[in-house]
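Residue 17 in this note's numbering is what sits at position 17 of the sequence shown, and the numbering runs on without skipping anything. The beta carbon of each residue, even a glycine, is placed where N, CA and C say it ideally should be.
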Amino acid sequence: MKTVSIIGGNKSFNSYLQKFLKSLEVDCKYFTKYAVKRESYYDYVIFNSNSSIKDVLLNGGYCFVNMDLVNSNRNVNIYGNIITYGLGSKNTITVSSMEDNNSFVYCLQRDLNYNAFGKLEPAEVPINISFSGEEEIYAAMVGITISIIEGKDISSLVKGKKLTVLT
Numbered sequence: 001m002k003t004v005s006i007i008g009g010n011k012s013f014n015s016y017l018q019k020f021l022k023s024l025e026v027d028c029k030y031f032t033k034y035a036v037k038r039e040s041y042y043d044y045v046i047f048n049s050n051s052s053i054k055d056v057l058l059n060g061g062y063c064f065v066n067m068d069l070v071n072s073n074r075n076v077n078i079y080g081n082i083i084t085y086g087l088g089s090k091n092t093i094t095v096s097s098m099e100d101n102n103s104f105v106y107c108l109q110r111d112l113n114y115n116a117f118g119k120l121e122p123a124e125v126p127i128n129i130s131f132s133g134e135e136e137i138y139a140a141m142v143g144i145t146i147s148i149i150e151g152k153d154i155s156s157l158v159k160g161k162k163l164t165v166l167t
């Protein structure tokens, strides 16, 4: 069972992410935190907060940071593979072509280490899922990425093209 620590996610983000991962059979134990202690280690740490937390420590195998919500007054220390996400084009993961709250294009902008055995190449993949609002889009970006890293089949979400794993 994988461990997931969500720092600052709101109720909509948290519940959508949990339902999403459960639907793809990613078995996780969730922790909601304001900060991760140095001695705490999680498989996935997700920082999805715009609150006034000044100092943040992310300690995990993969550390997701929502760059749309990070402000410059924050000190974020990261120990793990960093994956930035958000609606900006400079993030590791972003989306484009959002249509009618039931489809978008998932964009992996850079190579991503894949479970220590290889890497995922940059790709744009059309996804068909229902979502309502920005928080659910953020949760979907994280959920899709975790599912891919965990080797889960996301073909039920994809129209046509698949992500390529290089070994």
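- Under the 10 Å beta carbon count, E25 is surrounded by fewer than 16 other beta carbons and is classified as exposed.
- The three-state reading of DSSP puts Y62 in strand, counting E and B together.
- If you ignore the 5 residues before and after K152, its C-beta comes within less than 8 Å of the C-beta of L24, E25, V26, all in its own chain and listed in chain order.
- Between L112 and C63, the alpha-carbon positions lie close to 12 Å from each other.
- For the pair K19 and S40, the Cα-to-Cα distance works out to about 25 Å.
- Residue environment analysis places M1 among the exposed positions, since fewer than 16 neighbouring C-beta atoms fall within 10 angstroms of its C-beta.
- Sequence-distant partners of N66 (beyond 5 residues in either direction) whose C-beta falls short of 7 Å from its own C-beta, in its chain, are F47, N48, Y85, G86, Y138.
- Beta-bridge partners of S103 (DSSP): E99.
- Remark: C-beta atoms of C28 and V4 approach each other more closely than 7 Å.
- In this structure, the alpha-carbon of I78 lies about 13 Å from that of D43.
- Taken atom to atom, the span from the alpha-carbon of N81 to that of K11 is near 25 Å.
- Counting along the chain, G80 sits inside the beta strand (DSSP E) bounded by residues 75-85.
- Sequence-distant Cβ neighbours of I144 in its own chain, meaning closer than 6 Å and more than five residues away, are Y106.
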